[in-house]
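K.L.:
In the numbering used here, the protein residues as written are 1 to 84. Please find one structure pasted underneath; my questions will follow.
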Amino acid sequence: ESFEHVEEWLNEVNRHASEATLKLLVGNKADLQEGKKVASEEAQSFADKLGISFLETSAKNATNVESAFLTMAKQLIVARFLLF
């Protein structure tokens, strides 16, 4: 259900934030192989269309949880470097 609202939420973010605001689409419950609501390929394609990064995470087994934060940190550092 959340995936269906991503575009709406991004529009809201874009309405209140700078166009240069960095965004990361994070899919959760990556530990579930069966019963996934959104295929990884679909989410990646959607993120590509929007020009944002995509990561799948799992709080259950900690898959990519730290990577999500590190990805955003790296993007912030690169963006800051490019501004100066």
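Glycine residues also receive a C-beta, built at the ideal position from the N, C-alpha and C atoms. Note that this is a predicted model, so its numbers are computed, not measured.
(1) I want to know whether the segment 60 to 70 touches the segment 40 to 50 - three or more CB-CB distances under 8 Å.
(2) My output table needs one value for S53: the three-state DSSP class, helix, strand or coil.
(3) May I ask you to report which of helix, strand or coil DSSP gives V38?
(4) So K29 and S2 are supposed to be a Cβ contact under 8 Å. How far apart are they, rounded?
(5) Would you kindly work out how many angstroms separate the C-alpha atoms of L50 and N11, rounded to a whole number?
P.N.:
Let me spell this out:
(1) no
(2) Within the sequence shown, residue 53 is the residue found at index 53, counting from 1. In this structure, S53 counts as strand in the three-state DSSP scheme.
(3) Here the question's residue 38 lines up with position 38 in the sequence shown. Looking at V38 - three-state DSSP - the assignment turns out to be coil, as it is neither helix nor strand.
(4) Translated into the one-based positions of the sequence shown, residue 29 becomes position 29. Translated into the one-based positions of the sequence shown, residue 2 becomes position 2. Not really, about 11 Å apart at Cβ, beyond 8 Å.
(5) Residue 50 sits at position 50 when you count from the first residue of the sequence shown. Residue 11 sits at position 11 when you count from the first residue of the sequence shown. Taking the straight line from one Cα to the other gives about 11 Å.
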